[in-house]
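Student: For this note's numbering, count along the sequence shown from 1 and bump the result up by 667. Don't be surprised by glycine CBs; every beta carbon is placed ideally from N, CA and C. Quick caveat: nothing in here was measured; it's all calculated off a predicted structure.
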Amino acid sequence: MSKTYRREPDDVRVLDDLDLTVDRGEFVTVIGPSGCGKTTLLRLAAGLASPDSGAIELFGEPVAHAIAAKQIGFVPQSPALLPWRSVIDNVLLPLQVNRGHSPVNPPDPHRLLASLGLDGVADRMPHELSGGMQQRVAIARAFVIDPPVLLMDEPFAAVDELTREALRHELLTAWQQSGKTVLFVTHSVAEAVALSDRVVVMSAVAHGIQRVLDVPLTRPRDDLLETTPRFQKVERELRLELRRGQATSESR
């Protein structure tokens with residue numbers, strides 16, 4: 668698919684003939700420099716924008732069908748919690764506004780919160796939570812409608828590194844239990860390696876995919892994986908790939 672933003676005085680081409688397949692149950696992370704089209708790709712997959720050419724399908728159906736069937740959960744950079752609703756009411760919101768498409772047996776919201784380190788905060792208001800806790804609530808809200816696909820746009824970007832590591836571990840645990848398909852955007856190389864089955868490296872020069880790297884690390888992955896030589900080998904390869912893309916950009 669391709670996507671160009673119409674702007675004056677010049678149009679901005681973002682994606683050019685991009686082709687990507689994500690398998691069911693796979694965790695795929697998209698990484699690349701600012702302006703390479705990562706968020707655009709996620710917005711197209713979520714049906715929040717339309718490609719100029721090409722098509723997007725989920726489970727063999729147009730993305731519009733998946734949206735109508737509530738098969739996509741979206742976690743943005745900002746938690747976007749409603750400040751006048753408690754934690755549990757924010758988590759329950761998708762079930763309340765999508766009654767016709769709610770799962771027959773939705774996940775227990777209290778168990779969801781507990782699995783994300785939020786046991787005992789169900790009745791608190793968003794302003795009483797730290798940034799990391801608010802992001803956990805946003806993840807629980809995405810899981811509560813039990814969508815088979817999760818799209819996540821740098822959901823941990825606004826929290827400190829220690830909180831980020833804890834959130835990664837909690838997300839991996841929840842994902843491994845659910846078997847969902849995840850397309851995840853990040854700027855963090857370590858995060859991309861720690862979470863993913865494959866990493867998609869995007870290039871602003873090519874307006875699309877520069878390379879797709881497999882992450883040959885066994886699962887489940889513990890929270891000390893990043894200290895191991897095998898992790899550091901994959902991380903180094905990914906960093907070198909990003910540098911190659913940057914060098915190509917600077918030479919043009």
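#1: Just reading off the beta strand (DSSP E) that LYS670 is part of, what are its end residues?
#2: Quick one, which of GLN801, GLN877, THR688 and ASP864 has its alpha-carbon nearest PRO883's?
#3: Is it buried or exposed, PHE741, if we count other Cβ atoms within 10 angstroms and call 16 or more buried?
#4: For a test of the three-state rule: what should DSSP assign to ASP881, helix, strand or coil?
#5: Go ahead and label PRO776 buried or exposed: buried means 16 or more other beta carbons lie within 10 angstroms of its beta carbon, across all protein chains shown.
#6: Just curious, the alpha helix (DSSP H) that ASP820 is in, first and last residue?
#7: On the DSSP bridge assignment, give the partners of MET869 in chain order.
#8: Less than 8 Å between the beta carbons of VAL852 and THR706, yes or no?
#9: Helix, strand or coil, according to DSSP, for ARG680 in the structure here?
#10: Going by beta-carbon coordinates alone, are VAL856 and VAL695 separated by less than 8 Å?
#11: For ILE723, which option in ALA712, ILE812 and GLY787 has the closest C-alpha, if you only look at C-alpha atoms?
#12: On the DSSP bridge assignment, give the partners of GLY740 in chain order.
#13: Select from PHE726, ARG911 and ALA731 the residue whose C-alpha is nearest the C-alpha of SER717.
Tutor: Looking at the coordinates:
#1: 670 to 672
#2: ASP864
#3: buried
#4: strand
#5: buried
#6: Premise fails: ASP820 lies in the beta strand (DSSP E), 816 to 820, not in any alpha helix (DSSP H).
#7: ILE876
#8: Yes.
#9: strand
#10: no
#11: ALA712
#12: In DSSP, GLY740 forms a bridge with LEU817.
#13: Of the listed residues, the one whose Cα sits closest to SER717 is ALA731.
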